[in-house]
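A.B. asks:
Right, dumping it as structure tokens:
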């Protein structure tokens, strides 16, 4: 929800979402294809720079969005860095039931490349989501002729994610105020009641929304007014030039 609030306060909010989507997808694919530490770091820095200087978002808020993926990425690359075997080249190793577990230069380098490549790709998606409200992303996808059913389902699912979170937060607060989590056993019982109550309320809410849509002439298509966006045709050539620079840099480093 914090990310959605930031998107509505970004100075890039009124820019054409199709232009931002073009830059995001192109840079993401180049970052993954390059698989280069320097290029991944450049992509991360450029995306943070655009969100901070062009989008006008607080740097602390931008960096906070990276906390969740950093945790998952760190746990993921640990499994890549550590290897099993009897190699004498290990920088550090320990023996477990006669099998050595450790890491060496090659595995550390591989894990580092994977970490920054994934973080570079994530930074591209964060640039889009931090500077473009979800409804504008759907508008761009509609202009790309994606199936209307897919877009409507995406919009409703996105809306109900916040509904579920809000409902769960209220129920949890009510339970906690009544010592519902005072003991281990009571916590399990309260959590079970919370889950059951959330899904019951979500089903009831979805049924109410469907009835409301039918009463307003819903015929399988959510019709909304299209917003007017500011268009900057320089975005396309600049995005292409930036990614061509990354591709040339990758080739020069491998030459």
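In the working numbering, the protein residues as written are 10 to 264. Backbone N, C-alpha and C fix where the C-beta goes; we use that ideal spot for every residue, glycine too. All values derive from a computational prediction rather than experimental measurement.
Thinking just about the alpha-carbon of each residue, which of 124, 225, 246 is nearest to the one in residue 85?
C.D. replies: 124
A.B. asks: Ordered along the chain, which non-local residues of its own chain (more than five positions away) have a Cβ less than 6 Å from that of residue 129?
C.D. replies: 40, 49, 52, 53
A.B. asks: Residue 151: which of 72, 234, 201 sits nearest, CA to CA?
C.D. replies: 234
A.B. asks: Report buried or exposed for residue 209, applying the criterion of at least 16 other Cβ atoms within 10 angstroms of its Cβ.
C.D. replies: exposed
A.B. asks: Which of the three DSSP states is assigned to residue 39 in this structure?
C.D. replies: In this structure, residue 39 counts as helix in the three-state DSSP scheme.
A.B. asks: Can you have a look at residue 188 and say buried or exposed, based on whether 16 or more other CB atoms are within 10 angstroms of its CB?
C.D. replies: By the neighbour-count rule (16 or more Cβ atoms within 10 Å), residue 188 is not buried but exposed.
A.B. asks: Applying the criterion that 16 or more other CB atoms from any shown protein chain within 10 Å of the CB defines a buried residue, is residue 207 buried or exposed?
C.D. replies: buried
A.B. asks: Roughly how many whole angstroms lie between the Cα atoms of residue 13 and residue 139?
C.D. replies: 7 Å
A.B. asks: Are the beta-carbon atoms belonging to residue 167 and residue 143 less than 8 Å from one another?
C.D. replies: Judged by their CB atoms, residue 167 and residue 143 are nearer to each other than the 8 Å cut-off.
A.B. asks: Put residue 239 into one of helix, strand or coil per three-state DSSP.
C.D. replies: Strand, per DSSP.
A.B. asks: Under three-state DSSP, which class holds residue 228?
C.D. replies: coil
A.B. asks: Rounded C-beta distance between residue 127 and residue 82? I'm assuming under 8 Å.
C.D. replies: Rounded to the nearest angstrom, the Cβ distance from residue 127 to residue 82 is 5 Å, consistent with a contact under 8 Å.
A.B. asks: If you compare alpha carbons, which of 121, 23, 28, 15 is closest to residue 153?
C.D. replies: 28
A.B. asks: Going by DSSP, what residue range makes up the alpha helix (DSSP H) through residue 244?
C.D. replies: 244–263
A.B. asks: Nearest to residue 229 by alpha carbon, out of 197, 239, 158?
C.D. replies: 158
A.B. asks: Provide the residue(s) that pair with residue 24 in DSSP beta bridges, ordered along the chain.
C.D. replies: According to DSSP, which records beta bridges pairwise, residue 24 is partnered with 239.
A.B. asks: Taking the alpha carbon of residue 32 as the reference point, which residue from 252, 257, 156, 214 has its own alpha carbon closest?
C.D. replies: Closest option to residue 32, Cα to Cα, is 252.
A.B. asks: Sorted by chain position, which residues of the same chain lie with C-beta nearer than 8 Å to residue 148's C-beta, five sequence neighbours on each side aside?
C.D. replies: Cβ contact annotation for residue 148 (same chain, cutoff 8 Å, sequence separation greater than five): 26, 235, 236, in chain order.
A.B. asks: Using CA coordinates, which residue listed in 199, 162, 198, 241 is at the minimum distance from residue 23?
C.D. replies: The candidate whose alpha carbon is nearest that of residue 23 is 241.
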